[in-house]
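Input: a single structure, listed below in structure tokens.
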């Protein structure tokens, strides 16, 4: 009898004690999951390389990616936005201070709080490479620097006119795919990134990532070698094509993504199949160490760490205590009213009570 | 006399309700003459909000009310207007009843003095008849309720009205002869702002007179009663302070309330004498002048008590007047309390020599306060000296009126 009691008590205590263990295991799993991506901050370098009014769509491309990236949480301080021309305030823009991505002016990607870091003629191959490698003159302000470290995930988006193995900057110079690959290698050697996602929307874009050789690089392009990336819709009021097809469908895909979404890279690779894009988008993942299926979109497009941390903390600890209304302590109320009653009876005498009761 | 009193109360409540609903309520509650850092309603709300956020309301220099106020307003903060109107009503009724009792006493003493032929012949015209004295309590209540100062103070929801109510209840209990209640209410009044401490002496004198104990320091009966009364007073003060400690669980309120009253850190202009002086004071001399100014308030008790020991009610009146002139953060609500007593001695008005001058000074100053404030703060064409001049003149007028009234004795 006693032995049985002892056994049940032991089992009960064991159960009680193991609950926090099980809970802490759960917490560890969650934490492990959370830290598996290995990055602690996110950066984005978004470049539009073409100028002139008829290249409106390249600026719209870049601004739509900028918009998505900001919406998903990367702050302006961590975005280097390079626009080779100013479409919003171009004298040919019938709707000044706007850059639309959808026809009939459905979506203004220019918004109220765009921060352009390199504008106009500052967008050159040299500046782009200097931003990537960090070799800028000491007087460069912080907003124009890519201040990444070895725990940064960087998104690099390029758009403009390109060809087999090159990308045209400002109609006056080019960057070749070898230069780009060497720049990324420099970044790797200098530990300037943890993982890097490279997206390019130009004609024959896949040629730009052929030469990459540094680890932890994933690349997407809007068209294969020999194909042209096509533009999407013209708007008859503005008079130019508003977006390129690939980035248009990329924007539509990203609009569905929110900071807590679990969409991964495999979904990104499926954006804009040939039926929609006419060109065949390509991607390259052989240099990337993780399985693309386990890489979240928000690992590159968003800055979800704070959000995730909040989720983690909310899971681990109890809910934040609700704001309580203050109440006077019971002892005080009791004491006060006892005294008042005492004084009352002292003044008016207890003998009156006889008449009441 | 219940009907005229009720009518008066209704009229007063109507005036206050109308003003509460008008746009002037906001304006009045910001006037520095009407609210001070000690009794502004804004600060009460702020303190209660801090308490709801889990922070001590005395942190930061916002809230200077006592914990009993927290307890009271925690429950009635939504009905604040009604509370203040009821408070004014309580004050008026308390004053009414106390002046009624006082008049009865005075009349009885007059009767005995007449019967024992103690009056010289030429004083006969000063004798009061019951008919004259019949309306005096109503006049006192009217002087309090319909006084523009009181109305302003009520509309601004300044807790000065509550302090006045406690003092009025104290006077009522003293005049009715209940030493216990009087001691407790005096302790409550002292707990609210320290200055009613000076009312201990007149209350004591009144009780001694009532109990026919001669005020002779060598008599043991005098000390016996004094000690009893002091024990009631100090005991209730200790109990009240202890209870306040239990309300919030800390002694924070002592430096915030009493430290604030004594050390006058906030130099917002008001109708008192402290702000200007201490704004230009060098730090080195600050403690000295704080002591001087505060002793000034308490010091007049001794000579006045000696001179006026036969007339304790008049002494109460004088003390309240002195407190409201010389306290560290006076407002017009304090002035209204002692002005309510003036009809009690209306038969002696013919002996006031400069009444015209004094009343003109007080009226003109009351009118000039907002004018010079506007000129100083908004128009920028005056400066603090102008406003302080009017403050000084106002207080001078009050002192002069006290001077005159002291001729009553």
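Protein chains in written order, with the numbering used here: chain A, 30 to 386; chain B, 28 to 436. Backbone N, C-alpha and C define an ideal beta-carbon position, used for all residues, glycine too.
Is residue i helix, strand or coil by DSSP?
i: residue 176(A); result: coil
i: residue 22(A); result: Since the first residue shown for chain A is 30 and the last is 386, residue 22(A) is missing from the structure and cannot be characterised.
i: residue 328(A); result: helix
i: residue 372(B); result: helix
i: residue 337(B); result: coil
i: residue 313(A); result: strand
i: residue 407(B); result: coil
i: residue 130(A); result: coil
i: residue 284(A); result: helix
i: residue 347(A); result: Because residue 347(A) carries a pLDDT of 49, less than 50, the predicted location of this residue cannot be relied on, and the following value inherits that uncertainty. Reduced to three states, the DSSP call for residue 347(A) is coil.
i: residue 301(A); result: coil
i: residue 77(A); result: strand
i: residue 187(A); result: strand
i: residue 250(A); result: strand
i: residue 351(B); result: helix
i: residue 227(A); result: strand
i: residue 192(A); result: strand
i: residue 147(A); result: strand
i: residue 273(A); result: strand
i: residue 243(B); result: coil
i: residue 330(B); result: helix
i: residue 293(A); result: strand
i: residue 122(A); result: coil
i: residue 191(B); result: helix
i: residue 137(A); result: strand
i: residue 364(A); result: helix
i: residue 77(B); result: helix
i: residue 434(B); result: coil
i: residue 267(A); result: coil
Do residue j and residue i have their beta-carbon atoms positioned less than 8 Å apart in this structure?
i: residue 197(B); j: residue 363(B); result: no
i: residue 152(A); j: residue 113(A); result: yes
i: residue 280(A); j: residue 168(A); result: no
i: residue 138(A); j: residue 101(A); result: no
i: residue 7(A); j: residue 230(A); result: Residue 7(A) cannot be examined here, being either before or after the span of chain A that is shown, 30 to 386.
i: residue 300(A); j: residue 327(A); result: no
i: residue 233(B); j: residue 339(B); result: yes
i: residue 370(B); j: residue 166(B); result: yes
i: residue 264(A); j: residue 86(A); result: no
i: residue 93(B); j: residue 219(B); result: yes
i: residue 78(A); j: residue 180(A); result: no
i: residue 298(B); j: residue 421(B); result: yes
i: residue 203(A); j: residue 158(A); result: no
i: residue 267(A); j: residue 99(A); result: no
i: residue 288(B); j: residue 183(B); result: no
i: residue 382(B); j: residue 365(B); result: no
i: residue 217(B); j: residue 325(B); result: no
i: residue 432(B); j: residue 392(B); result: no
i: residue 121(A); j: residue 72(A); result: no
i: residue 284(B); j: residue 91(B); result: yes
Evaluate residue i with the Cβ neighbour count: other Cβ atoms within 10 Å of its Cβ, from every protein chain shown; 16 or more gives buried, anything less gives exposed.
i: residue 200(B); result: buried
i: residue 357(B); result: buried
i: residue 233(A); result: buried
i: residue 446(B); result: Outside the displayed range of chain B (28 to 436) lies residue 446(B), so it cannot be described from this structure.
i: residue 334(B); result: exposed
i: residue 434(B); result: exposed
i: residue 149(A); result: exposed
i: residue 37(B); result: exposed
i: residue 371(A); result: exposed
i: residue 323(B); result: exposed
i: residue 401(B); result: exposed
Residue i bridges to which residues according to DSSP?
i: residue 202(A); result: 198(A)
i: residue 208(A); result: Answer by DSSP bridge pairing: none, since residue 208(A) is not bridged.
i: residue 108(A); result: 73(A)
i: residue 182(A); result: 71(A), 224(A)
i: residue 260(A); result: 273(A)
Using 8 Å for Cβ pairs, my map puts residue i next to residue j. What's the rounded Cβ distance?
i: residue 160(A); j: residue 198(A); result: The pair is not a contact, with the Cβ atoms about 13 Å apart (cut-off 8 Å).
i: residue 249(B); j: residue 240(B); result: 6 Å
i: residue 60(B); j: residue 385(B); result: The Cβ separation is near 19 Å, so there is no contact.
i: residue 184(A); j: residue 330(A); result: 6 Å
i: residue 246(A); j: residue 213(A); result: 6 Å
Short-range partners of chain E found in the stretch 353-365 of chain A, where Cβ spacing is below 7 Å: The structure shown contains no chain E; the protein chains it does contain are A and B.
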